[in-house]
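Take a look at the structure below.
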Amino acid sequence: MDENGQSNGHPKHTDWAKVPVEQLEEGIERQMVIGEKLMICRLRFAPHIVTPAHDHPHEQMTIVERGPVLFTIGDEERVAQTGDVLHFPSGTWHGATMLAEEVILVDIFSPIREDFLP
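This is how it looks when you write it as structure tokens:
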């Protein structure tokens, strides 16, 4: 894996502790591992951070590594807990509100989110 977390077409084995941490804004950190056709992002959110609802053409799966977090999915709201997995098909309206605890989410996207690349 190169210094940007990209695989360059080779099999990889890494540890999150070795993946660079990017400070996106106050209270939000992201790490990324990037393959040829998919990417995985590990995000750490401080309590009470809100990610505005949005949609994108990428298929997304989210694993709640540490929760709880209130998700908006379409016109519904639901609380996801540690260990839950959510699937957002392409074009799904979604957002998240962190509750009173730090939250860690692992997002998997296909295809790669080019807008996340440096």
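The opening residue of the sequence shown carries number 5 in the working numbering; numbering runs sequentially from there. All residues carry an ideal CB built from backbone N, CA and C; glycine is no exception.
Expressed to the nearest angstrom, what Euclidean distance is found between the alpha-carbon atoms of residue 72 and residue 15? By 1-based counting over the sequence shown, the position of residue 72 is 68. By 1-based counting over the sequence shown, the position of residue 15 is 11. For residue 72 and residue 15, the distance between alpha carbons rounds to 33 Å.
Per-residue DSSP class, three states only, for residue 119: To locate residue 119, count along the sequence shown from 1; it is residue 115. Of the three classes helix, strand and coil, the one that applies to residue 119 here is helix, per DSSP.
Can you tell me whether residue 25 is buried or exposed, with buried defined as 16 or more other CB within 10 angstroms of its CB? For the purposes of this step, residue 25 is taken as residue 21 along the sequence shown, with counting starting at 1. The residue is exposed, with fewer than 16 neighbouring Cβ atoms inside 10 Å.
Using the three-state DSSP reduction, which class does residue 100 fall into: helix, strand or coil? Counting from one through the sequence shown, the residue named residue 100 turns up at place 96. Strand.
Helix, strand or coil for residue 50, going by three-state DSSP, please let me know. Here residue 50 refers to the residue found at position 46 when the sequence shown is read from its first residue. Coil, per DSSP.
Strand pairing of residue 114, partner residues [DSSP]: Translated into the one-based positions of the sequence shown, residue 114 becomes position 110. According to DSSP, which records beta bridges pairwise, residue 114 is partnered with 63.
Alpha-carbon to alpha-carbon, residue 21 and residue 78: As a working note, residue 78 is residue 74 in the sequence shown. As a working note, residue 21 is residue 17 in the sequence shown. Cα to Cα, the separation comes out at about 34 Å.
Closest Cα partner of residue 86 within the set 113, 69 and 100: As a working mapping, residue 86 is identified with position 82 in the sequence shown. Measuring from the Cα of residue 86, the nearest candidate turns out to be 69.
Given residue 99 as reference, the closest of 117, 55, 66 and 28 once Cα atoms are compared: The sequence position of residue 99 within the sequence shown is 95, counting from 1. Comparing Cα-Cα distances from residue 99 to each of 117, 55, 66 and 28, the minimum goes to 55.
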